[in-house]
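See structure below.
Numbering (my numbering), first residue to last: 39 to 285.
And the structure:
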């Protein structure tokens, strides 16, 4: 045990010396933490029960984890850009074990000039945790919450949509279709399946469309501004929304 702890301490020291840790380094660090949460983390500080990226991790990021709950991840990648998505995703954390969010604006750039947009940025704390979590559970779902403005849509279908649900691919999964049907029935809204009902906002260029682990199901959930406002002001509606996702 002493040898193991010494090796971990050395690894943490080496990792901390790098201003920009690789995705593999972050994933290994978080994997060790998930196995035994007494292990210190090289690039995170614990604040009010959450792991918050410190200055050594230029992408930023916030991670909430609890051992109870459904094996799923509620994810708000654009908390400062897509209004209310952080509140909506955090409410889903009442059911899921994990809640992920960005701590830097999506228009922030790293030292290489790359945009730190968690929907596309590979070297993020969120991606590292997702990869680590995949080795900690048998299977899980990722619910990534986004926001859009109807008036900015390019298609007639997009302008009518209250929600656009996809799995990051042109061909929707059976569960993507089921979630959309539930939203239409329970919330009495116009929810559309990307690839069937609408041809935009499908999340096909999202990093998780390719990076999501094989034992996960990725759901890219676009919500109109009007629906987001209704969800954060109506607890019963938000409850029904969450039930459609996790049922």
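Idealized CB from N, CA, C, for every residue including glycine.
Keep in mind it's a predicted model, so treat the numbers as computed, not measured.
Consult DSSP for residue i and reduce its assignment to one of helix, strand or coil.
| i | result |
| --- | --- |
| residue 72 | helix |
| residue 147 | strand |
| residue 204 | strand |
| residue 124 | helix |
| residue 284 | helix |
| residue 225 | helix |
| residue 199 | coil |
| residue 77 | coil |
| residue 275 | helix |
| residue 165 | helix |
| residue 171 | helix |
| residue 61 | helix |
| residue 193 | coil |
| residue 243 | coil |
| residue 248 | helix |
Straight-line CA distance for residue i to residue j?
| i | j | result |
| --- | --- | --- |
| residue 270 | residue 276 | 7 Å |
| residue 48 | residue 78 | Confidence is the limiting factor: at residue 48 the pLDDT is only 42, short of 50, which leaves the residue's position unreliable, though a coordinate-based value still follows. Going from the Cα of residue 48 to the Cα of residue 78 covers about 12 Å. |
| residue 87 | residue 128 | 14 Å |
| residue 145 | residue 120 | 12 Å |
| residue 227 | residue 221 | 7 Å |
| residue 85 | residue 160 | 24 Å |
| residue 187 | residue 154 | 22 Å |
| residue 74 | residue 195 | 48 Å |
| residue 218 | residue 174 | 29 Å |
| residue 138 | residue 168 | 9 Å |
| residue 198 | residue 272 | 22 Å |
| residue 200 | residue 257 | 16 Å |
| residue 149 | residue 106 | 38 Å |
Please go through the same chain and pick out, in chain order, the residues whose beta-carbon is closer than 6 Å to the beta-carbon of residue i, but skip the five residues on each side of it.
| i | result |
| --- | --- |
| residue 123 | 114, 183 and 185 |
| residue 202 | 230, 232, 236, 239 and 260 |
| residue 103 | 136 |
| residue 179 | 110 and 255 |
| residue 71 | 77 and 79 |
| residue 89 | 82 and 101 |
| residue 108 | 133, 134 and 284 |
| residue 177 | 253 |
| residue 143 | 118 |
From the DSSP output, which residues share a beta bridge with residue i?
| i | result |
| --- | --- |
| residue 185 | 261 |
| residue 178 | 254 |
| residue 84 | 89 |
| residue 134 | 108 |
| residue 102 | 88 and 137 |
| residue 114 | 139 |
| residue 232 | 236 |
| residue 66 | Residue 66 pairs with nothing; no bridge assigned. |
| residue 153 | 147 |
Spell out whether any CB of chain C is found under 9 Å from the CB atom of residue i.
| i | result |
| --- | --- |
| residue 233 | No chain C is part of this structure, which consists of one protein chain only. |
Counting only the same chain and skipping the five closest in sequence on each side, list residues whose C-beta sits under 8 Å from that of residue i.
| i | result |
| --- | --- |
| residue 215 | 231 and 234 |
| residue 207 | 233, 240, 242 and 247 |
| residue 267 | 122 |
| residue 126 | 114, 183, 261, 266, 269, 270, 276 and 279 |
| residue 152 | 159 |
Can you list, in chain order, the residues of its chain whose CB lies under 7 Å from that of residue i, leaving out five sequence neighbours each side?
| i | result |
| --- | --- |
| residue 140 | 98, 99, 115, 116, 117 and 156 |
| residue 165 | 61, 245 and 249 |
| residue 225 | 275, 278 and 279 |
| residue 130 | 112, 181, 280 and 283 |
| residue 69 | 170 and 173 |
| residue 210 | 204, 231, 232, 233 and 234 |
| residue 162 | 97, 99 and 156 |
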